[in-house]
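Protein chains in written order, with full-length UniProt numbering: chain A, 1 to 154; chain B, 1 to 691.
The structure under discussion appears below in the form of structure tokens.
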């Protein structure tokens, strides 16, 4: 039994390491702290920004790294636990649909923009991209039924 | 509020996946590009094999091989003029393209830009004339050009390889003028189909604005690299007729391109990079035109040096009629087939090849390969400087290394300086090397090109090295932006980025990434197919029980061990492997699926097919070398012979029937000649249909 678990852990660690490497520009086992969110998400997790920050705090638990880089050795154990515990599970599609539906009155472009600034605000780039893809330029409305499948496709 | 957060959460995840895909795609392209450059080594091996191990079975075969090595060129001024003369070429009245007269005027430039946008051609006569004039101009320039922002208020540095970007650059940024200098940082000749047009435009601007336009040599402005990267003299039959002359002129123009540009004595612009031995004083003094190509063509074994060569040379004098001492040019233009020794003696044959080649080196003294037997030879330039007793003397080898490093090196984040094995030339230099170099010559920073960057530019080494890459959409539409940099008297860089393609603008990020991805994966699948047999062996090693299946984890390891591209295979797996059962992959059927994607080649034996795919770029180079008149066509016999040689090198059984099958199955035979471009085109994977 023990070896089974070890095998699983080893597999997870390999997975994390590989994802990490893609963002490791200088091949020295560090990545820019701003990319951590990306890495976590590409491993199949769905944290929100607050949760990402929480994770980062855990990683930097002893010393706040001033350089703005996160080292693989610190990241690996924290992330492995996350995957083992299956935290930050994907939000089911219908929940997402509900979320869109609850915003029904707000689907005009201007309101979408407002929305983007609430919650955990989008950056300028994120907002522009979403607007470009999701909002129909002619009607200026976000057709969430069309947009939803796009978001969901892996 | 909560809803907003949820949506944002989803959205961010989606974007993260996209980002991951983008990076993987980028890695794929880069590693394949560099792997291509490694093919150079394989080519060397082939030539060495021909020289040392192969026994020609007929005189025809012997002649054929010797033709591959004898490609001398005459460099003497008078001969060059006579050979590549343009005055005798008549321009028919029916020609509607631009007509040039010298000295060139700005109107000619505009006419050319317009004509190329309309996909017209410049007549061969004008091309040759332009090249002659360019060469004349370049000859007077020093190895390192100097630009000062006192005279021109603004200097723009860029590398351009597409007519569209040249046009937009010049119109956006303004034409060269006394207050606006330009430095074009090499690699004008790339893989694009418009190489000829780009060169024409650049040279035209160079001649019209000689004080404001500066060109640096890049690693692609090199004879061997041109052969490899298919710098075609246009698909225009008219140009083809004069193709040989044009290509020869180009070689003689490239070697005169300056090696570097210095702005205000503070900023050095070079194409590749530096090494820990880069010496600007040496670079200033060497005779740069001697380095027609900085890549070695032949790998020589360590043999006994001078005595043998002298013996061979002695031998040669009695054998050849065009005696070695006479006009070197004449000697090199004639293959010495009549005098080759009998085929029975393999050793003699290879010696003969070596000697023929050695003669070229000795007499012309301009071929690529630095004779390993004369490492201590002083070069002309160092002998000149001997007059000043304090000046150091250096060898040809050292000079060659200087030029190679400048054109081929890449910066790396780690400290130190090591050989650049990925590219096969130059080195990787670290921030400490940069620091020392800048300090030694009292410089502020370096500007270089040579590497494609996502955003068109990138700083490294603590902002002391700037990479500027001006060809947007380099790998594929939407793959990257291009950029150029402007410097004023304060030497603070200002960047202008662009993406020169309308389609790229209208695509969303998702679409752009998908498109680039498709292209990358297609290339990758082709590579995988090309290594089918090696992959099967690797998979079998993990499949001890012979179940036909392996785990996905082992799949990744096996693939990397065969392909050695350094790619994150686990991340790429979802795109490459469609069907799995319980996390296990049936590898045989996976490979069969890959094979299905190539075109109608059922009749050709699979091992041969693999070889073709694996060595496509090398085959192309070999064909190009054989195709002496640069027409794109070789005779059926030459094609046959090439295959025989190649397959014996690769240890494949190939019968005459096998070759005939090759020819017949792909209908590219044109009156007994083979269009090898079409032949190679036939071996591309078909686009995979979305499943």
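The beta carbon of each residue, even a glycine, is placed where N, CA and C say it ideally should be.
Keep in mind that this is a model prediction, so the values were computed, not measured.
Beta-bridge annotation (DSSP): residue 220 of chain B is not paired with any residue. The beta carbon of residue 86 of chain A does not come within 8 Å of any beta carbon belonging to chain B, so the residue lies off that interface.
For residue 83 of chain A, the nearest beta carbon of chain B is not closer than 8 Å to its own beta carbon. Residue B:634 holds the alpha-carbon nearest to the alpha-carbon of residue 679 of chain B among B:217, B:634 and B:114. For residue 411 of chain B, no chain A residue has a Cβ inside 8 Å of its Cβ, as the nearest lies near 11 Å away. About 24 Å separates the beta carbons of residue 488 of chain B and residue 472 of chain B, which is beyond the 8 Å limit, so they are not a contact pair. If you compare the alpha carbons of A:85, A:30 and A:43 with that of residue 21 of chain B, the shortest gap goes to A:43. In the three-state scheme derived from DSSP, where H, G and I count as helix and E and B as strand, residue 673 of chain B is classed as strand. Among the residues of chain A, those whose CB is under 9 Å from the CB of residue 553 of chain B are 11 and 14, following chain order. Of the candidates B:577, B:109 and B:573, B:109 places its Cα closest to the Cα of residue 166 of chain B.
Between residue 271 of chain B and residue 582 of chain B, the alpha-carbon positions lie close to 51 Å from each other. Residue 538 of chain B places its beta carbon 8 Å or farther from that of residue 523 of chain B.
Non-local beta-carbon contacts of residue 556 of chain B in its own chain, meaning distances under 6 Å to residues more than five positions away in sequence, involve 569 and 570 in chain order. Here DSSP, grouped into helix, strand and coil, assigns residue 24 of chain B to helix. Nearest Cα to residue 532 of chain B within the set B:518, B:591 and B:550: B:591. Taking residue 562 of chain B as the centre and dropping the five residues before and after it, the same chain places the C-beta of 531, 534, 535 and 538 closer than 7 Å to its C-beta, in chain order. At the C-beta level, residue 31 of chain A and residue 59 of chain A stay beyond 8 Å of one another. Remark: C-beta atoms of residue 124 of chain B and residue 98 of chain B do not approach each other more closely than 8 Å. The beta carbon of residue 85 of chain A lies closer than 6 Å to none in the same chain, with the five residues before and after it left out. Scanning B:545, B:643 and B:616 for the CA closest to the CA of residue 526 of chain B turns up B:616. Taking a Cβ-Cβ cut-off of 9 Å, residue 558 of chain B has no neighbours in chain A, whose nearest Cβ is about 15 Å from it.
Residue contact check for residue 7 of chain B against chain A: a CB pair falls below 8 Å.
Pairing residue 210 of chain B with residue 137 of chain B gives a Cβ-Cβ distance under 8 Å.
At a cut-off of 8 Å between beta-carbon atoms, residue 427 of chain B makes no contact with chain A.
Counted as a single uninterrupted DSSP element, the beta strand (DSSP E) harbouring residue 71 of chain A occupies residues 69-71.
Secondary structure note for residue 574 of chain B: its alpha helix (DSSP H) is the uninterrupted segment 569-576. When C-alpha distances from residue 290 of chain B are compared across B:273, B:261, B:256 and B:444, the shortest belongs to B:256. Contacts with chain B at 8 Å (Cβ-Cβ) include residue 22 of chain A. At a cut-off of 8 Å, the C-beta of residue 7 of chain A has no neighbouring C-beta in chain B. Chain order gives the chain B residues near residue 96 of chain A as 6, 7 and 10, where near means a beta carbon separation below 8 Å.
Among the residues of chain B, none has a CB under 9 Å from the CB of residue 34 of chain A; the nearest is roughly 11 Å distant. A Cβ of chain B is located within less than 8 Å of the beta carbon of residue 41 of chain A.
Its chain contains 275, 276, 427, 429 and 433 as the residues whose beta carbon lies nearer than 6 Å to that of residue 417 of chain B, once the 5 sequence neighbours on both sides are disregarded; these appear in chain order.
Residue 636 of chain B and residue 468 of chain B have their alpha carbons spaced roughly 45 Å apart. Among the residues facing chain B, residue 100 of chain A is included, as its CB has a counterpart in that chain under 8 Å away. The C-beta of residue 130 of chain A comes closer than 8 Å to at least one C-beta of chain B.
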